[in-house]
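>
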Amino acid sequence: MCGIVGYLGNQDAVSVLMTGLKTLEYRGYDSAGVAYLNNGTLEVQKKQGRIAVLDDYLGTQQWQTQIGIGHTRWATHGRPSDRNAHPHFDCTHKFAVVHNGIIENFAELRERLLANGHKFASETDTEVLAHLVEEAYHGSLRLALRDALVQVRGSYTVVLLSEHHPDRIVAARKDNPLVAGIGDGEYFVASDIPALLPYTRNIYLLNAGEIVELTPDGINIFDFQDRPVHKEIFHVNWDAQAAERGGYPHFMLKEICEQPKALMDTLGSRLTAGGDDIHLDEISLTPEQIRNFNKVMIVACGTAYHAGMVGKYVLEKVARLPVEIDLASEFRYRDPLLDPQTLVVIISQSGETADTMAALREAKQRGCHVLAVTNVVGSSVAREADDVIYTWAGPEIAVASTKAYTTQVLVMYLLALQFAKVRGAITQEQTAAIVAALKQVPEQIEQILKQKEQYEKLAKQYCQSQDVFFLGRGLDYAVALEGALKLKEISYIHAEAYAAGELKHGTLALIEEGVPVVALATQDELLEKLMSNVKEVKAREGTVIGLCLGQCALAEETCDHVITLPEAPSFVAPLLSVVPLQLFAYYMAAARGCDIDKPRNLAKSVTVE
Ligand code: AGP
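First residue of the sequence shown? That's 1230 in the working numbering, and the numbers climb one at a time after it.
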């Protein structure tokens, strides 16, 4: 992961870098550092801990420096420490680098560099880059960076600053994101657009294999053959305010509460004029192609994978098309059975997840049509897929994904409906009924959000639990997986999701007096079966919190506590039932005093394998 930023202009470089790093902290937050030229001398300040630690350390000092690079780290090679924090230097202390990614052959390179007499100051893979640049430098910073990088295997975005060239910054991108910003006589590079929004909305989106050079005269882009690359400026028209907390104590709560609006945005532009049908005009697939697919393969990680699980159920149910789902990190190495009749659906909020990107490339290499579902316009996934459906959730900052999930789930419904129509698997009346139910969802989520306090109360009651189990059948099982992930990632309580019928095959052994079990009971056809499983839990004295659509007498008499959601067809329940689970996780974490937006050991964008 890691966030990187570079600045060249007339402002105080250190404060511009620090502002950028604070926006990028979601990418990693175990240490941070800046390097800059002070009267021509390369200096560095770096500290273990959050950006705030570095900020305090730097104090209110005014810096007289107009060029610098910065980094916020998520450790891969070498534990978080001052020493391992970026920037890293070569032996002469003339070159400073910051890096996002993993140098896979670093051990080999380090050994060779040591044999050549280089001295290392850290345990990181990144430091080899500084020494490689030192060796490759013959007067051109850009060519030195290129010649260093051609020796590297792995993933990277790198930014380089040198005392030899006080008027320039060079950066290169392979797998990890990089954008360059054009201001008024000032130039930037960063991992992500929001870091640049206080200064400019004119951006170059850099591709893999490109090197960018910032000088006082502007920005130039080159490929690895050192040929100039011409690129259009991308003008950012979204609102910087959208990425701020707006009075909420945490981004996560803000983003949970933004779901009605996000879902309206996702659905709105895809409704037909009459409002009783949908279209997906943005995809290029012809009706013939859609009819010819014999399989859909959904590939994603984490929460996006859970959205894909809902997608599998709904696509199979309404489009009657076989769907497989795989974790991106598994898909890539298991030699999956794919052919040109397989549609590969890639789901990724950030559009930059390394495993997901690798899966996308694997699928394309095998001749599959790749359709991406992503939130980030211009992300790597969006650019490399054959088709993109944007979720339009708006910037999601909290590490725990919420509105990204519900909008991904909604897109899966839209995709299922579109495929079902083209393949003749659904009638117009059935389509209209599902669309009508989907249109109700934003308002129904508003109703759930009005009762936030009940989840806060519930969380206070259960926040000392060691374990929490989540049960469901069918679509409820898919949502249970997401409920468990939300709880464990932000509250650090052990949580597991089980297909309710599977409990008795092992996990029931863990149920004892007072163990909380959340039972999702939104699937009418499976309700009795689910309640039998709940009784198995009750017989072992577990405490059951049931979740139903509307009043449910059976749940009332079986569960210890029942959460009643607005009435809705079982088929669209995942869009509603996940919201109480998000709120439950949020308030559990709040009651335990956890760092909700930045949970330990995690980062928002996982750009390492
Ligand atoms: C969940 O809350 C996490 N943020 C995580 O599981 C995330 O969904 C996963 O890392 C995939 O990220 P992506 O959607 O950006 O590819």
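By construction, the Cβ of each residue, glycine as well, lies at the ideal position given by its N, Cα and C atoms.
(1) Drop a sphere of 10 angstroms on the beta-carbon of G1346, count the other beta-carbons inside from all chains shown, and report buried for 16 or more, exposed for fewer.
(2) Return helix, strand or coil for E1553, following the three-state DSSP convention.
(3) Taking the alpha helix (DSSP H) that A1242 falls in, what are its first and last residues?
(4) State the DSSP-derived secondary structure class of F1813, mapped to helix, strand or coil.
(5) Could you name the residues of the same chain whose beta carbon sits closer than 8 Å to that of G1447, not counting the 5 residues immediately before and after it, in chain order?
(6) Applying the 10 Å Cβ sphere with the 16-neighbour rule, what's the burial state of R1561?
(7) Should G1531 be listed as close to ligand 1, given that the test is whether its C-beta is under 7 Å from any heavy atom?
(8) From the DSSP output, in three-state form, read off E1625 for me.
(9) Near R1563, what residues of its chain come up, given a Cβ to Cβ distance below 8 Å and the 5 sequence neighbours on each side ignored?
(10) Got a sec: does ligand 1 put a non-hydrogen atom nearer than 7 Å to the Cβ of V1744?
(11) Run the CB neighbour count on Q1454, radius 10 Å, all protein chains shown included, and call it buried at 16 or more, exposed below.
(12) Can you have a look at K1541 and say buried or exposed, based on whether 16 or more other CB atoms are within 10 angstroms of its CB?
(13) Could you name each continuous alpha helix (DSSP H) segment of 4 residues or more that falls completely within the segment 1434–1519, going from the start of the chain to the end?
(14) Ends of the alpha helix (DSSP H) at K1764?
(15) For K1483, which of L1778, L1812 and V1670 has the nearest alpha-carbon?
(16) If you draw a straight line from the alpha carbon of G1269 to that of Y1236, how long is it in whole angstroms?
(17) Taking only heavy atoms of ligand 1 into account, decide whether any of them is closer than 7 Å to the Cβ of S1630.
(18) Excluding five sequence neighbours on each side, which residues of the same chain lie with their C-beta closer than 6 Å to the C-beta of T1603?
(19) Express the C-alpha separation of D1568 and L1810 in angstroms, rounding to a whole number.
(20) For D1376, name the three-state secondary structure that DSSP assigns.
(21) Using the Cα positions of Y1385 and H1317, report the straight-line distance between them to the nearest angstrom.
(22) Do you know offhand how far H1393's Cα is from T1321's?
(23) I want to check one thing, is the minimum distance from the CB of Q1811 to the heavy atoms of ligand 1 below 7 Å?
(24) Hey, quick one: how far does the alpha helix (DSSP H) through P1671 stretch, first residue to last?
(25) Span of the beta strand (DSSP E) holding K1524?
(26) Quick check on the DSSP output: the beta strand (DSSP E) that includes Y1727 runs from which residue to which?
(27) Looking at the secondary structure, which residues open and close the alpha helix (DSSP H) in which D1616 lies?
(28) Less than 8 Å between the CB atoms is what I'm expecting for I1618 and V1640, so what's the real figure, rounded?
(29) Taking 7 Å as the cut-off, does the CB of T1585 come closer than this to any heavy atom belonging to ligand 1?
(30) What residues in its chain sit with their C-beta under 7 Å from that of I1512, if we drop five residues either side in the sequence?
(31) What residues match up with Y1236 in a beta bridge as DSSP calls it?
(32) Grab the span of the beta strand (DSSP E) containing R1402 for me, first residue to last.
(33) Is any non-hydrogen atom of ligand 1 found closer than 7 Å to the C-beta of E1718, if you look at the structure I gave you?
(34) What is the residue span of the alpha helix (DSSP H) that V1610 lies within?
(35) Could you please give me the residues that DSSP links to N1604 through a beta bridge?
(36) Kindly indicate which three-state DSSP category Q1277 falls into: helix, strand or coil?
The structure says:
(1) In the assembly as shown, G1346 is an exposed residue. Its beta-carbon has fewer than 16 other beta-carbons within 10 Å.
(2) In this structure, E1553 counts as strand in the three-state DSSP scheme.
(3) A1242: member of the alpha helix (DSSP H) spanning A1242 to L1253, first to last residue.
(4) F1813: helix per DSSP, three-state reduction.
(5) I1411 and Y1416.
(6) R1561 comes out buried.
(7) For ligand 1, at least one heavy atom lies less than 7 Å from the Cβ of G1531.
(8) Residue state, collapsed to three classes: coil.
(9) Within the same chain, D1555 come within 8 Å of R1563 by CB-CB distance, once the 5 residues on both sides are set aside.
(10) Not under cutoff, so the answer is no.
(11) So Q1454 ends up on the exposed side.
(12) With 16 or more other Cβ atoms within 10 Å, it is buried.
(13) DSSP runs (the alpha helix (DSSP H)) wholly in the segment 1434–1519: 1480–1486 and 1488–1497.
(14) Element bounds for K1764: L1756 to A1768.
(15) Comparing Cα-Cα distances from K1483 to each of L1778, L1812 and V1670, the minimum goes to L1812.
(16) Near 15 Å, if we compare the C-alpha coordinates of Y1236 and G1269.
(17) Within the cutoff, so yes.
(18) Cβ neighbours of T1603 within its own chain (closer than 6 Å, five residues either side excluded): S1577, G1580, V1610 and A1611.
(19) Rounded to the nearest angstrom, the two C-alpha atoms are 38 Å apart.
(20) It is helical.
(21) One C-alpha to the other measures close to 15 Å.
(22) It is roughly 11 Å from the alpha-carbon of H1393 to the alpha-carbon of T1321.
(23) Not so, every heavy atom of ligand 1 lies at least 7 Å from the Cβ.
(24) Counting along the chain, the alpha helix (DSSP H) containing P1671 begins and ends at Q1657 to K1679.
(25) For K1524, the uninterrupted beta strand (DSSP E) segment begins and ends at K1524 to A1529.
(26) Going by DSSP, Y1727 is part of the beta strand (DSSP E) stretching over H1723 to A1728.
(27) Per DSSP, D1616 belongs to no alpha helix (DSSP H); it is in the beta strand (DSSP E), D1616 to Y1619.
(28) Indeed, because the Cβ distance is near 5 Å, the residues count as touching under 8 Å.
(29) Proximity of the beta carbon of T1585 to ligand 1 is indicated: a heavy atom of the ligand is located closer than 7 Å.
(30) Excluding its 5 nearest sequence neighbours in each direction, I1512 has C-beta neighbours in its own chain below 7 Å: L1600, D1616 and I1618, listed in chain order.
(31) Here Y1236 is bridged, per DSSP, to G1297 and F1417.
(32) Counting along the chain, the beta strand (DSSP E) containing R1402 begins and ends at I1398 to R1402.
(33) Checking the 7 Å criterion, the Cβ of E1718 is within range of a heavy atom belonging to ligand 1.
(34) Note, V1610: alpha helix (DSSP H), S1609 to E1613.
(35) Answer by DSSP bridge pairing: none, since N1604 is not bridged.
(36) Strand at Q1277.
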